[in-house]
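In mature numbering (1 follows the signal peptide of the UniProt record, and there is no 0), the protein residues as written are -20 to -1, 1 to 220.
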């Protein structure tokens, strides 16, 4: 037991320091709004997204799409967290079956404090995915409507007064784009499975493990499992 304590302590320290940057983490294992991150904003669900077994990790949320107000989506306003566009990351996993949905619907969208709009959308008949809006990046070259889970990652870094967006799919960078003068702008409203302020962009797809960080450099997906382990270790230590 004595030799195990240093390892246990290191795990707790690693989990605590990493978790400080992970503000929102929607696993969709229990319901559509439970957040295991440190952010204080409370998400609201509209429509009836279904928690379904077989996600990227555990269960996932199955969104049915639609073109009317109130269609399936999860909304959260993170303006109180002061997440600047010059230092953030959004990661999520999507499963876009070939028969589901229509083109130009959004997996995730957000607005910023300057009124800018940004959206990760299904962008064409081949099932490509792209970042559009005030800092557009071209889409992937290969269709992703294959019924498998794919990682989407969008990061923002500071380049002088500008925000430099980088968009990746399954670990491969698809492109970068400069959002002029936007490094200090902050994230505002986020909508999972639709577009903020629009009632005709709700996507028909599975979405899992949505993570929002207040830093550009983030842990590998497998590293997030340490967060739960570290939290459990800390709880057991306190009880003793």
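Built from N, CA and C at the ideal position, the CB exists for glycine as well.
Complete beta strand (DSSP E) runs within the segment 30 to 95 (minimum length 3 residues, chain order):
30 to 33, 39 to 46, 53 to 57, 67 to 75 and 86 to 92
Please confirm whether residue 21 and residue 67 have their CB atoms less than 8 Å apart.
no
Whose C-alpha, out of 72, 44 and 92, is nearest the C-alpha of residue 59?
Comparing Cα-Cα distances from residue 59 to each of 72, 44 and 92, the minimum goes to 92.
Nonlocal neighbours in the same chain, by C-beta distance under 6 Å from residue 150, ignoring five residues either side:
130 and 131
Would the beta-carbon of residue 187 fall within 8 Å of that of residue 43?
yes
Using the DSSP secondary-structure output, state which residues sit across from residue 112 in a beta bridge.
99
Residue 9: which of 201, 94, 39 and 29 sits nearest, CA to CA?
Of the candidates 201, 94, 39 and 29, the one whose C-alpha sits nearest the C-alpha of residue 9 is 39.
Output needed for residue 17: all residues of its chain with C-beta closer than 6 Å, excluding positions within five of it in sequence on either side, in chain order.
2, 3, 4 and 5
Just checking residue 158 against the ligand MN - is the residue's beta carbon closer than 7 Å to any of the ligand's heavy atoms?
With respect to the ligand MN, the structure offers nothing, as it holds no ligand at all.
Close beta carbons around residue 56, own chain, < 6 Å, minus the five adjacent residues each side
Short of 6 Å from the beta carbon of residue 56, and not among the five residues preceding or following it, lie these beta carbons of its own chain, in chain order: 21, 23 and 170.
Backbone CA spacing between residue 19 and residue 61 [nearest angstrom]:
7 Å
Residue 171 - partner residues in DSSP beta bridges:
Residue 171 pairs with 55 and 89.
By how many angstroms is the C-alpha of residue 98 removed from the C-alpha of residue 189?
20 Å
Limits of the unbroken beta strand (DSSP E) element including residue 143
142 to 149
Pick from 109, 101 and 114: whose alpha carbon is nearest that of residue 94?
114
Count the other CB atoms, across all protein chains shown, that sit within 10 Å of the CB of residue 166; report buried if there are 16 or more and exposed otherwise.
A residue is called buried when at least 16 other Cβ atoms come within 10 angstroms of its Cβ; residue 166 meets this threshold and is buried.
Here's the rule: buried if 16 or more other CB atoms are within 10 angstroms of the residue's CB, otherwise exposed. What is residue 184?
buried
Specify, as a first and last residue, the run of the beta strand (DSSP E) that residue 192 falls within.
182 to 193
Considering only C-alpha positions, which residue in the set 141, 163, 75 and 46 is nearest to residue 181?
46
Please check the pair residue 52 and residue 27, which I expect to be a contact at CB under 8 Å, by giving their CB distance rounded to whole angstroms.
Confirmed, Cβ separation roughly 4 Å.
For the beta strand (DSSP E) holding residue 155, just list the boundary residues, first then last.
152 to 159
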